[in-house]
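Reviewing the structure listed below.
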Amino acid sequence: LNLSWNIFDGFIRESRINSARASDLASHAALETMENSVRTSVESLSNSLKIDIQYYSDSELMLEQAREQYRLSVMSYEMGALSLMDLLDAQSDLAQSEANFVSARVTALKTEASLMVQLGRMPRVGE
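Quick look at the structure:
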């Protein structure tokens, strides 16, 4: 039986240990950077979703107001108190409010879906 042990290996062992420690530190730094990036992205999407929901709510109120204004314009036109051009303007305003409402809903749903994906969840489908 023969056993040999190098007492001095030219600091190779220390070099390997230091290299492993540096690699470990780099891995931890990369992980922390990734976690911060995901956290920032989730916070940003969450804030965007809150804004989009508020805009959706506001556009719903504006749509209700445009519907009421159009209803009153039709009544005024039928009584002869409003010109055809004014009635068409009210109709155009209503159409624009409807388009804004749909656009706000689509934007809010897209932001919600992005947030769900970022969180690792399935977005809602078919609503």
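The opening residue of the sequence shown carries number 1072 in my numbering; numbering runs sequentially from there. Cβ coordinates follow ideal geometry from the N, Cα and C atoms, glycine included.
By the CB criterion at 7 Å, residue 1176 and residue 1127 fall inside the cutoff. Just so you know, the alpha carbons of residue 1089 and residue 1082 end up roughly 11 Å apart.
For the pair residue 1136 and residue 1129, the Cα-to-Cα distance works out to about 11 Å. In the pairwise beta carbon analysis, the segment 1178-1188 is classified as touching the segment 1110-1118: at least three pairs are separated by under 8 Å. Counting of Cβ neighbours within 10 angstroms places residue 1072 among the exposed residues, the total staying below 16. Secondary structure of residue 1192 (DSSP, three-state): coil. When the alpha-carbon of residue 1120 is set against those of 1191, 1110, 1164, 1180, the nearest one is in 1180.
The way I'd put it, the segment 1140-1155 doesn't touch the segment 1099-1112; fewer than three beta-carbon pairs between them come closer than 8 Å.
Taking a contact as a CB-CB distance under 8 Å, the pair residue 1134 and residue 1172 counts as one, their CB atoms being some 5 Å apart.
In this model, residue 1163 and residue 1140 are separated by some 11 Å (Cα to Cα).
One alpha carbon belongs to residue 1085, the other to residue 1107, and they sit about 33 Å apart.
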